[in-house]
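In the numbering used here, the protein residues as written are 38 to 146. Notes follow once the structure below has been shown.
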């Protein structure tokens, strides 16, 4: 894993508000999903969002997402083999949340 989330706090905020919707928006509706997440599990993805929402550091948050990759995508890989696209999918959700913050002049964490 080389990619690090730019919008991890925004993703975490969305996880707190609606874990299932977070999973649907980030992974399920991603057009590239089958390339990096062939056996997507909606329930495990929502559980991952709920679990990872409790992390207080970027390192902990990214580690939580990494540890859940096998459950969410049904692919057993070593940590260094997790595709960057998995993390980029979550980061796109954070980017969307950040746009909402900016459009409505809300404080961005």
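We treat Cβ as the ideally placed atom computed from N, Cα and C, and that holds for glycine. In this text, all values refer to a predicted model and were calculated from it rather than measured experimentally.
Exercise. Going by Cα to Cα distance, which pick from 70, 103, 73 and 137 is closest to residue 41?
Worked result: When 70, 103, 73 and 137 are compared, the shortest CA-CA separation from residue 41 is found for 103.
For this session: Compute the Euclidean distance between the alpha carbons of residue 85 and residue 97, then round it to the nearest angstrom.
Result: 13 Å
Problem set entry | residue 67 in three-state terms, based on DSSP | coil
For this session: Just tell me which of 51, 88, 76 and 64 has its CA closest to the CA of residue 124.
Result: The shortest C-alpha to C-alpha distance from residue 124 to any of 51, 88, 76 and 64 is the one to 64.
For this session: Please report how far the alpha carbon of residue 61 lies from the alpha carbon of residue 142, in whole angstroms.
Result: 26 Å
For this session: Counting only the same chain and skipping the five closest in sequence on each side, list residues whose C-beta sits under 8 Å from that of residue 87.
Result: Excluding sequence positions up to five before and after residue 87, its CB lies within less than 8 Å of the CB of 52 and 56, all in the same chain and listed in chain order.
For this session: Identify the continuous alpha helix (DSSP H) that holds residue 43 and give its terminal residues.
Result: Looking at the DSSP string, residue 43 is not in any alpha helix (DSSP H), and its letter there is neither H nor E.
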